[in-house]
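Structure first, commentary second.
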Amino acid sequence: MPHTELMVGNKAVAYGAKLARVQVISAYPITPQTTIVQYLAEFIANGEMKAHFIEVESELSAMVAVQGASFAGARVFTATSGPGLFFMHHPMMEGADLPVVMGVVHRSNKSMQPDHTDLMAQRDNGWIQLYCENNQEALDTALMSYKIAEDPRLSTPTVFGIDGYILSYTAEPVEVPDQEMVDEWLPPLKAPWAPDIHLPVQEWKKRQGRMYGSQKAWLEHDTKFRSSLGVIREVNAGFEKTFGRSYGNGLIEEHNCEGADAVITAMGTIASTARVVVDDLRSEGKNVGLIKLKCYRPFPVDEIRGLAKKYHAIGVIDRNISLGGGGNVLNETRSAIYDIAERPKVLGFHTGMSGDEVTPQMIRRIAEKTLKSVSEPVPTAVEWVGGA
Numbered sequence: 014m015p016h017t018e019l020m021v022g023n024k025a026v027a028y029g030a031k032l033a034r035v036q037v038i039s040a041y042p043i044t045p046q047t048t049i050v051q052y053l054a055e056f057i058a059n060g061e062m063k064a065h066f067i068e069v070e071s072e073l074s075a076m077v078a079v080q081g082a083s084f085a086g087a088r089v090f091t092a093t094s095g096p097g098l099f100f101m102h103h104p105m106m107e108g109a110d111l112p113v114v115m116g117v118v119h120r121s122n123k124s125m126q127p128d129h130t131d132l133m134a135q136r137d138n139g140w141i142q143l144y145c146e147n148n149q150e151a152l153d154t155a156l157m158s159y160k161i162a163e164d165p166r167l168s169t170p171t172v173f174g175i176d177g178y179i180l181s182y183t184a185e186p187v188e189v190p191d192q193e194m195v196d197e198w199l200p201p202l203k204a205p206w207a208p209d210i211h212l213p214v215q216e217w218k219k220r221q222g223r224m225y226g227s228q229k230a231w232l233e234h235d236t237k238f239r240s241s242l243g244v245i246r247e248v249n250a251g252f253e254k255t256f257g258r259s260y261g262n263g264l265i266e267e268h269n270c271e272g273a274d275a276v277i278t279a280m281g282t283i284a285s286t287a288r289v290v291v292d293d294l295r296s297e298g299k300n301v302g303l304i305k306l307k308c309y310r311p312f313p314v315d316e317i318r319g320l321a322k323k324y325h326a327i328g329v330i331d332r333n334i335s336l337g338g339g340g341n342v343l344n345e346t347r348s349a350i351y352d353i354a355e356r357p358k359v360l361g362f363h364t365g366m367s368g369d370e371v372t373p374q375m376i377r378r379i380a381e382k383t384l385k386s387v388s389e390p391v392p393t394a395v396e397w398v399g400g401a
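Residue numbers (our numbering): 14 to 401.
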């Protein structure tokens, strides 16, 4: 039977891997991710989980190990944070057609505290990216990640992120699904790509229809990757039908947006604070709503274009930065709506970088400025909030 347990975010992630009946795990310890694999090691040692745990000397080796196991047909899991994720970049690029699932506990490269720059630095390597608001969503997203990654139409690696410390070491009530229900919803992995050891890897890839060696391969890969948006929607709907929980349409979630003139967009734990602020503002008669962005890669262009036709202004909160280029979500949003005839104003806000606290007062300032821009000019299109 499902049961509710008080657990930190890292344990919720570990429970997700356990419930998914992962067969091979490899990871290297790095704060604030370390306890995820500690929990998994305990599950294995206690006989609660039947899996192989491969100990390695680095994050690069951990990624290569799980990719090799995935290549052989196993369901796999790894986890890391910040600098460890950067170390994985090369094999992540190469393994972009294997259904590896990874949990990332966000950690800035300028501090031990969280922002989203670590995972967004991997935005171009062909991994689906999902972001979690709370510990319940972390467990649920771990399960959904396998359903998405292993879909035979995709076979695409998937990574989900939780904010370090804010979630990783903070306890919340989490409903743990029944194992039999999970087994029915997420059956054992069928791996039709079983390798032929007598063929060179390149020839094997060609015979499998896997992408290799030409511009056409990039086109096919991009087309398949973009198609994952539909699969994510399907998986989210199926998860709700089975377990009674969903996260918008799996890509975005609208909160208190009915009749809004303007909306703010947020990701991860900032969305929780923004919910409270938006509800307060609506009670004051201020017509502003919240869009929670769950899926960043592939970017949900159609959903964002749909929003652009409904609202007069969008305030984008970026807990990240592309140095010299600005906020990643801001840039994606502007690009998505560029050719809409009557597009809304789009404002950008950087906040929460390197784990700086994001208060309700800061979110209120962002929301009120966005709403104000509907009727009059505002001083700057991009603003850094907090961090003084």
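For every residue, glycine included, the Cβ atom is placed at its ideal position computed from N, Cα and C.
Keep in mind that this is a model prediction, so the values were computed, not measured.
For LYS358, the three-state secondary structure derived from DSSP is strand.
Going by DSSP, GLY302 is part of no alpha helix (DSSP H) but of the beta strand (DSSP E) stretching over 301-306.
For GLN374, the enclosing alpha helix (DSSP H) starts and ends at 373-385. For THR17, there is no enclosing alpha helix (DSSP H); the residue is part of the beta strand (DSSP E) that begins and ends at 16-21. With 16 or more other Cβ atoms inside 10 Å of its own Cβ, ASP110 counts as buried. Secondary structure at PHE66: strand, using DSSP grouped into helix, strand and coil. The C-beta distance from THR255 to TRP198 rounds to 5 Å, short enough to meet the 8 Å contact threshold. Leaving aside the five residues that flank GLU396 on each side, the residues in its chain whose CB is nearer than 6 Å to its CB run, in chain order, PHE362.
Contact fails between the segment 69-79 and the segment 183-201, because fewer than three Cβ pairs, one in each stretch, are under 8 Å apart.
Residue nearest to ASP369 within the set HIS129, GLY139, ARG356 and LYS322 is HIS129 (criterion: CA-CA distance). Taking the Cα of SER241 as reference, the smallest distance to any Cα among SER227, ALA82, MET375 and ASP164 is reached at ASP164. Secondary structure note for THR236: its alpha helix (DSSP H) is the uninterrupted segment 228-256. Counting the other CB atoms within 10 Å of its CB gives TYR309 a total of 16 or more, which places it among the buried residues. DSSP places TYR144 within a strand segment (E or B) once states are collapsed to three. Cβ-Cβ distances below 6 Å link VAL314 to ALA349 in the same chain, with the five nearest sequence neighbours on each side left out; the list follows chain order. A distance below 7 Å between beta-carbons, with the five flanking residues on each side excluded, links LEU264 to the following residues of its chain, in chain order: LEU242, ILE245, ARG246, LYS307, CYS308, PRO313 and GLU316.
Within the segment 83-115, the runs of alpha helix (DSSP H) at least 4 residues long that lie entirely inside it are, in chain order, 95-100 and 102-107. Each residue's CA atom was taken as its position, placing VAL398 and MET366 some 10 Å apart. One thing to note: MET157 has its Cβ within 8 Å of the Cβ of VAL248. THR154 sits in a helix when the DSSP states are folded into three classes.
Excluding its 5 nearest sequence neighbours in each direction, GLN80 has C-beta neighbours in its own chain below 7 Å: PRO104, GLY108, LEU111 and VAL113, listed in chain order. Its Cα nearest to that of ALA151, the residue GLY281 stands out among ASP196, GLY281 and LYS160. In terms of Cα proximity to GLY60, the closest of SER83, SER71, LYS160 and ARG34 is ARG34. Residue burial is scored here from C-beta neighbours: LYS123 has fewer than 16 other C-beta atoms within 10 angstroms and is therefore classed as exposed.
Note on TRP140: 16 or more other CB atoms within 10 angstroms of its CB, so buried under the neighbour-count rule.
About 4 Å separates the Cβ atoms of ASN300 and ASP274, confirming a contact at the 8 Å cut-off.
Straight-line spacing of the CA atoms in GLU68 and ALA82 works out to 14 Å. For PHE173, the uninterrupted beta strand (DSSP E) segment begins and ends at 171-176.
Excluding its 5 nearest sequence neighbours in each direction, HIS16 has C-beta neighbours in its own chain below 6 Å: VAL189, listed in chain order.
For ILE334, the closest alpha carbon among the candidates SER121, GLU193, GLN192 and GLY298 is that of SER121. Each of ARG318, THR372, LEU336 and VAL276 was checked against the Cα of SER386, and the nearest Cα belongs to VAL276. In the DSSP assignment, ASP274 is bridged to no other residue.
GLY86 has its alpha-carbon roughly 34 Å from the corresponding atom of TYR178.
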